[in-house]
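**Q** Here this note's numbering is used: the first residue of the sequence shown is -6, the next is one more, and so on.
Just so it is clear, CB atoms sit at the ideal spot from N, CA and C, and this is done for glycine as well.
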Amino acid sequence: MQANSPLIRVLTAWLLALLLAVAVGALTIFLVNSRVFGPEQQIRNYFQALKDGSGEEALGILNARVPDADPSMLDGAALKAAAAPIDNLDVGEPQSSGGQRVTVPVTYTLDGEELTSSYTLENVGTRWLFFDTWEFVPTPLPTVQLSVINQNTATLNGTPVAMPGGENSFAVFYPGKYESHYTSQYFAAPAQTTVVNTRQDKARASLSTHATDKLRKDVGQQVKNFLDECALQKVLQPTGCPFYFNTENRIVGNIKWNITEYPEIVIEPNNGRWIMRPLSGAALLTTTQQDLFTGQIIPLEVESHFSFTARLDVTDSNITVTPVVEY
């Protein structure tokens, strides 16, 4: 048979086509294996689950152990809020960690700041004969330790959370941003932002609760009412009140008290309670007295500086101020 016969040319063409198909198939398998079934895709799937707020899916992909901590941040709106600021995700090249394991660096921006996290995955076999199966090496999730002064609740990533004894520990995914605050009509704490970007993180945040303007105003009004009622007593020493006047002369005119300086209200935490600093002010006494030696009638106008303490009891809907006057 001649080398240039039609049959030889057909067989050669078929052989070349077969070799090309094998090469294309091998390349396709390689590309699919690396891009679809490689460790990088597992990481992309994990970050997408975080963005979706799907905690169950993220936990399954990460293959992580949940520590003995509050799980409120591991799903739903709280998880979405943690992942929302993550942007510009760039999954790096896997680096061998020995055996069948690789470590993959991931860079991203979180609220505009560039950060890096790393993840270790292991090749645990193949599927459909050709494609690798990669799983995250199991590790415990990081935690955020949160404390709040004199309160048993707080807000973390927009979610109300319990704070027994003013403290709690929360299991979290990484990376993520966790914003905590406390707000009520009488007490508030400025927001604190905690960023977690490694599995070793044990982040801490402390909420410094303070009295709101409304609480100081409402407490001040009760103190004012107390002093104004004291001023209505037309005696030199009003009963149960912090101001008085002593004289050896005879009082012959009407007694009138007028509060000239009301106390400044300062409320502070102390041993799990809220206390008021000692209160001080001034009251003006106006009357007429008769000198016992000369018999002369003379006007009397004298300012009495006073101080006292008060016990403060506050609930979410009620304030009680109890003056404590010692003579």
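In three-state DSSP terms, what is G91?
**A** Taking the sequence shown and counting its residues from 1, the one referred to as residue 91 is at position 98. Residue state, collapsed to three classes: strand.
**Q** So the beta strand (DSSP E) Y323 belongs to, where does it begin and stop?
**A** There is no way to answer for residue 323, as the model of the chain reaches only from -6 to 320.
**Q** Please determine, among L55, N239, A198, the residue with the shortest C-alpha to C-alpha distance to T136.
**A** As a position in the sequence shown, residue 136 is number 143, starting the count at 1. Closest option to T136, Cα to Cα, is A198.
**Q** Just tell me which of P316, P78, K227 has its CA closest to the CA of G213.
**A** On the sequence shown, position 220 is the one that residue 213 refers to. By alpha-carbon distance to G213, the top candidate from P316, P78, K227 is P316.
**Q** Over the uninterrupted alpha helix (DSSP H) stretch that includes A224, give me the two end residues.
**A** Position 231 of the sequence shown holds residue 224. First-last of the alpha helix (DSSP H) with A224: 206 to 224.
**Q** Relative to the C-alpha of I36, which residue among V97, M269, V216, P60 is closest?
**A** Your numbering for residue 36 matches position 43 in the sequence shown. Closest by alpha carbon: V97.
**Q** Compare the beta carbon distance of G333 and S140 with 7 Å and say whether it is the shorter of the two.
**A** Because the chain is modelled from -6 through 320, residue 333 falls outside the range shown and cannot be assessed.
**Q** List the residues that DSSP assigns as beta-bridge partners of K170.
**A** Sequence index remark: in the sequence shown, residue 170 carries index 177 (1-based). DSSP lists V188 as partners of K170.
**Q** So what does F163 bridge to, in DSSP terms?
**A** Taking the first residue of the sequence shown as 1, we reach residue 163 at position 170. Paired residues: D63, V137.
**Q** Can you tell me whether L229 is helix, strand or coil according to DSSP?
**A** If you number the sequence shown from 1, residue 229 lands on position 236. Here L229 sits in coil by DSSP.
**Q** Classify D309 as buried or exposed, calling it buried when 16 or more other Cβ atoms lie within 10 Å of its own Cβ.
**A** The sequence position of residue 309 within the sequence shown is 316, counting from 1. Here D309 is exposed, its C-beta having fewer than 16 other C-beta atoms within 10 Å.
**Q** In this structure, how does DSSP classify A198 when only helix, strand and coil are distinguished?
**A** As a first step, residue 198 must be located in the sequence shown, where it is residue number 205. DSSP places A198 in strand when its eight states are reduced to three.
**Q** Could you tell me whether the segment 180 to 195 touches the segment 228 to 236, where touching means 3 or more Cβ pairs closer than 8 Å?
**A** These segments do not touch.
**Q** I need the straight-line Cα distance from A42 to Q144, nearest angstrom please.
**A** By one-based count along the sequence shown, residue 42 stands at place 49. By one-based count along the sequence shown, residue 144 stands at place 151. So the alpha carbons of these two residues sit roughly 33 Å apart.
**Q** Quick check on the DSSP output: what are the complete beta strand (DSSP E) runs of length 3 or more inside the segment 221 to 306, in order along the chain?
**A** List check, beta strand (DSSP E) in window: 249 to 254, 260 to 263, 266 to 269, 272 to 283.
**Q** When DSSP labels each residue in this structure, what does E319 get in the three-state scheme?
**A** In the sequence shown, residue 319 corresponds to position 326, counting from 1. Coil at E319, not helix or strand.
**Q** Out of curiosity, what's the CA-to-CA distance linking E115 and Q34?
**A** Taking the first residue of the sequence shown as 1, we reach residue 115 at position 122. Taking the first residue of the sequence shown as 1, we reach residue 34 at position 41. Rounded to the nearest angstrom, the two C-alpha atoms are 13 Å apart.
**Q** Can the beta-carbon of F236 be found less than 7 Å from the beta-carbon of A276?
**A** Numbered from its first residue, the sequence shown carries residue 236 at position 243. Numbered from its first residue, the sequence shown carries residue 276 at position 283. Yes; because the gap between Cβ atoms is below 7 Å, this pair is in contact.
**Q** Look at the alpha carbon of G92 and the alpha carbon of A181, and state the distance between them as a whole number of angstroms.
**A** Position 99 of the sequence shown holds residue 92. Position 188 of the sequence shown holds residue 181. Using only the alpha carbons, I get a separation of about 53 Å.
**Q** Rounded C-beta distance between I312 and Q178? I'm assuming under 8 Å.
**A** Start at 1 with the first residue of the sequence shown, and residue 312 comes out as number 319. Start at 1 with the first residue of the sequence shown, and residue 178 comes out as number 185. Not quite, the Cβ-Cβ distance comes to about 10 Å (not below 8 Å), so this is no contact.
**Q** What whole-angstrom Cβ distance do I54 and F166 have, given they're in contact under 8 Å?
**A** In the sequence shown, counting from the first residue as 1, residue 54 sits at position 61. In the sequence shown, counting from the first residue as 1, residue 166 sits at position 173. About 10 Å separates the two Cβ atoms, so there is no contact after all.
**Q** Can you give me the Cβ contacts of A51 inside the same chain, cut-off strictly under 7 Å, excluding the 5 residues immediately before and after it?
**A** Reading the sequence shown from its first residue, position 58 is the one you call residue 51. Answer for A51: Y39, A42, L43, F166, listed in chain order.
**Q** Answer with buried or exposed for Y320, where buried requires no fewer than 16 other C-beta atoms within 10 angstroms of its C-beta.
**A** Within the sequence shown, the letter at position 327 stands for residue 320. Label assigned to Y320: exposed.
**Q** When we look at the beta-carbon of V314 and count the other beta-carbons within 10 Å, is it buried (16 or more) or exposed?
**A** Locating residue 314 in the sequence shown gives position 321, counting from the first residue. Flag for V314 reads buried.
**Q** Tell me the rounded alpha-carbon separation between V59 and T186.
**A** Reading the sequence shown from its first residue, position 66 is the one you call residue 59. Reading the sequence shown from its first residue, position 193 is the one you call residue 186. Cα to Cα, the separation comes out at about 22 Å.
**Q** Would you call P153 buried or exposed, if buried means 16 or more other Cβ atoms sit within 10 Å of its Cβ?
**A** Numbered from its first residue, the sequence shown carries residue 153 at position 160. P153 comes out exposed.
**Q** Mind reading off the beta-carbon distance from P262 to T202? Whole number of angstroms is fine, and I expect it under 8 Å.
**A** Here residue 262 corresponds to residue number 269 of the sequence shown, with the count starting at 1. Here residue 202 corresponds to residue number 209 of the sequence shown, with the count starting at 1. Correct: roughly 7 Å between the Cβ atoms.
**Q** Rounded to whole angstroms, how far is the Cβ of E57 from the Cβ of N150, which I believe are closer than 8 Å?
**A** As a working note, residue 57 is residue 64 in the sequence shown. As a working note, residue 150 is residue 157 in the sequence shown. Glu is not the amino acid found at residue 57; the sequence shown has Ala there. Incorrect: roughly 19 Å between the Cβ atoms, too far for contact.
**Q** Under 7 Å, do T279 and E294 count as touching if we go by C-beta distance?
**A** Along the sequence shown, one-based indexing puts residue 279 at 286. Along the sequence shown, one-based indexing puts residue 294 at 301. Against a cut-off of 7 Å, the Cβ pair of E294 and T279 comes out as a contact.
**Q** Using C-beta distances below 8 Å, list every residue in its chain close to V318, excluding the 5 sequence neighbours before and after it, in chain order.
**A** Here residue 318 refers to the residue found at position 325 of the sequence shown. Contacts found: G233, C234, P235, F301.
**Q** Please list, in chain order, all residues of the same chain as P256 whose beta carbon is under 7 Å from its beta carbon, the five residues on each side excluded.
**A** The residue labelled residue 256 in the question sits at position 263 within the sequence shown. Taken in chain order, the residues that qualify are V216, L272, S273, G274.
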